[in-house]
Every structure is written in structure tokens, then in C-alpha cells.
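A.B. asks: Just remember that the numbering used here sits 15 ahead of the position in the sequence shown, which is counted from 1.
Idealized CB from N, CA, C, for every residue including glycine.
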Amino acid sequence: MVAYRGGFAWETTNKTLIFNLHPVLTLIGLVILGGEGIISYKSLPLEKRVKKWIHLVLHAIAIILGIWGIYAAFKHHNEKHIPNLYTIHSWIGIGIIVLYPLQWIYSVIVFLYPRISSTLRSKSLPWHVFLGVFVYVLAVGNSVLGFLEKLTFLEKSGLDKFGSEAFLVNFMAIITILFGTFVLLIVSSKSPHSSDDDSHSYSAI
16 MVAYRGGFAW ETTNKTLIFN LHPVLTLIGL VILGGEGIIS YKSLPLEKRV KKWIHLVLHA
76 IAIILGIWGI YAAFKHHNEK HIPNLYTIHS WIGIGIIVLY PLQWIYSVIV FLYPRISSTL
136 RSKSLPWHVF LGVFVYVLAV GNSVLGFLEK LTFLEKSGLD KFGSEAFLVN FMAIITILFG
196 TFVLLIVSSK SPHSSDDDSH SYSAI
């Protein structure tokens with residue numbers, strides 16, 4: 016973004032600099048930190064309580080960055096008088112940024128509040144895992160869709176289809192897919208740091 020698109024800004028006459036925040040914030044938040052948040056509970060050789068807090072905080076930061084990134088896209092569109100929510104990328108993005116915080120809030124209540132019954136926790140855990148992975152897969156797929164959408168717009172504006180910037184965009188999309196796959200492989204594997212007690216524990220943090 017700095018080398019090819021001029022960098023970043025929040026208040027500027029060059030509205031493209033505002034939009035540049037969108038892919039960076041959403042990729043770092045929803046894909047990278049979101050992925051780290053998912054695997055932190057399984058992969059870190061720490062006390063379960065500590066892992067839960069790391070899991071919680073990483074997802075909170077991911078949500079904040081994701082919301083900020085999506086707001087940057089709306090701000091760019093509004094200031095350039097471009098319609099909002101006219102692509103499948105934007106529709107899926109809104110779905111992600113609605114589901115992700117809802118999942119986080121529900122999980123905080125169920126797994127943090129000490130008065131919640133262990134029965135509810137045990138019933139909620141499979142759905143917590145499923146929805147978490149589902150939203151993450153959506154985030155990875157939508158990021159790749161965003162790369163494709165942006166590259167298509169740039170090529171229509173005259174960008175060399177085989178130039179270095181086009182190569183970088185495609186390369187970033189592949190790296191995103193590989194990172195997401197790596198996260199899913201870790202989630203689906205048995206953690207060397209877990210025990211049967213960990214796997215079936217539904218106590219509050």
C-alpha cells in the first residue's frame with residue numbers, strides 16, 4: 016500500500032489513502048489476529064485460564080480492527096459519493112462483522128460469567144467452535160474475494176496485468192489462503208498441550 020498506492024490517511028483530499036486502510040486493517044484483524052486467536056487456545060503451552068484470556072483479547076482486537084477497516088471503506092465511498100454494499104464482497108463483509116462480535120459477546124457471557132451452568136457451557140462449546148471456524152473461513156474467503164475485486168478495478172484502470180503490483184496482489188491472496196489453511200489444520204488436530212480434562216472442561220475463566 017505504501018509503495019504502490021501512496022500510503023494511508025484518515026483525513027485527506029486523496030480519498031484513496033482512506034480506502035487503503037480497509038484491506039490492511041481487515042486482513043490484520045479478521046484474518047491474522049483472528050487466526051491467532053483461534054489457534055492460541057490449542058497451541059500455547061500455558062495454563063488454561065491464561066490461554067482463555069489470550070483467546071478472548073486477540074479476538075477483541077481482531078473485531079476492533081475489522082470494524083475500523085470496514086468503516087474506512089464506508090468513509091471512502093461516502094466521501095467519493097460511491098454507492099455502498101453493491102458487491103458480494105461487501106455483503107459477506109457485513110455478515111462477518113455482525114456475526115463475529117455476536118459470537119464474541121455470547122461467548123464472554125457463557126464462558127466468563129461464573130453463574131452460567133456447566134450444562135449450558137457444554138452445549139454451547141460445539142457451537143462456539145463451529146461458528147468461530149465458520150466466520151473465520153468466511154473472513155479468509157472474503158479477503159481473497161477482496162483482492163480479486165481490487166485487482167479487477169485496478170486492471171480496468173490500466174494496471175499492467177503482469178506487472179509487479181498485480182503479482183503482489185495475487186501473491187498476497189495465496190499467502191492468505193495458506194495462512195487460513197494452516198489455522199484450520201491446527202484447529203482440527205489434537206493439541207500436544209491439551210488433556211482430556213482440558214477438552215471437556217466448561218468452567219468459567
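If you draw a straight line from the alpha carbon of S137 to that of L127, how long is it in whole angstroms?
C.D. replies: As a working note, residue 137 is residue 122 in the sequence shown. As a working note, residue 127 is residue 112 in the sequence shown. Spanning the two alpha carbons is a distance of roughly 13 Å.
A.B. asks: Please say whether K57 and I192 have beta carbons closer to each other than 8 Å?
C.D. replies: Counting from one through the sequence shown, the residue named residue 192 turns up at place 177. Counting from one through the sequence shown, the residue named residue 57 turns up at place 42. No, Cβ-Cβ distance for I192 and K57 is not below 8 Å.
A.B. asks: Assuming G156 is part of the alpha helix (DSSP H), what are its boundary residues?
C.D. replies: To locate residue 156, count along the sequence shown from 1; it is residue 141. For G156, the uninterrupted alpha helix (DSSP H) run begins and ends at S133 to K171, by DSSP.
A.B. asks: Looking at G21 and L32, is the spacing between their C-beta atoms short of 8 Å?
C.D. replies: As a first step, residue 32 must be located in the sequence shown, where it is residue number 17. As a first step, residue 21 must be located in the sequence shown, where it is residue number 6. Contact flag set, yes.
A.B. asks: Do W119 and I78 have their C-beta atoms within less than 8 Å of each other?
C.D. replies: Against the sequence shown, residue 119 aligns to sequence position 104. Against the sequence shown, residue 78 aligns to sequence position 63. A contact, by the Cβ cut-off of 8 Å.
A.B. asks: Pick helix, strand or coil for R130, following the three-state DSSP scheme.
C.D. replies: The count along the sequence shown starts at 1 and reaches residue 130 at position 115. Three-state result, R130: coil.
A.B. asks: Can you round the beta-carbon distance between F34 and A88 to whole angstroms, since I take them to be within the 8 Å contact cut?
C.D. replies: Here the question's residue 34 lines up with position 19 in the sequence shown. Here the question's residue 88 lines up with position 73 in the sequence shown. About 6 Å separates the two Cβ atoms, so the contact holds.
A.B. asks: What's the call for V155, buried or exposed, on a 16-neighbour Cβ count within 10 Å?
C.D. replies: Stepping through the sequence shown from its first residue, residue 155 is reached at position 140. Buried, since its Cβ has 16 or more Cβ neighbours within 10 Å.
A.B. asks: May I have the straight-line CA-CA distance separating D212 from G108, to the nearest angstrom?
C.D. replies: Mapped onto the sequence shown, residue 212 falls at position 197. Mapped onto the sequence shown, residue 108 falls at position 93. Summary for D212: the model assigns pLDDT 45, below 50, so the residue's position carries little reliability, and this model does not support an answer.
A.B. asks: Classify N225 as helix, strand or coil using the three-state DSSP reduction.
C.D. replies: This structure gives no information on residue 225, because the portion of the chain shown stretches from 16 to 220.
A.B. asks: Buried or exposed for N93, please, with buried defined as at least 16 other CB atoms from any protein chain shown within 10 angstroms of its CB.
C.D. replies: Position 78 of the sequence shown holds residue 93. The residue is exposed, with fewer than 16 neighbouring Cβ atoms inside 10 Å.
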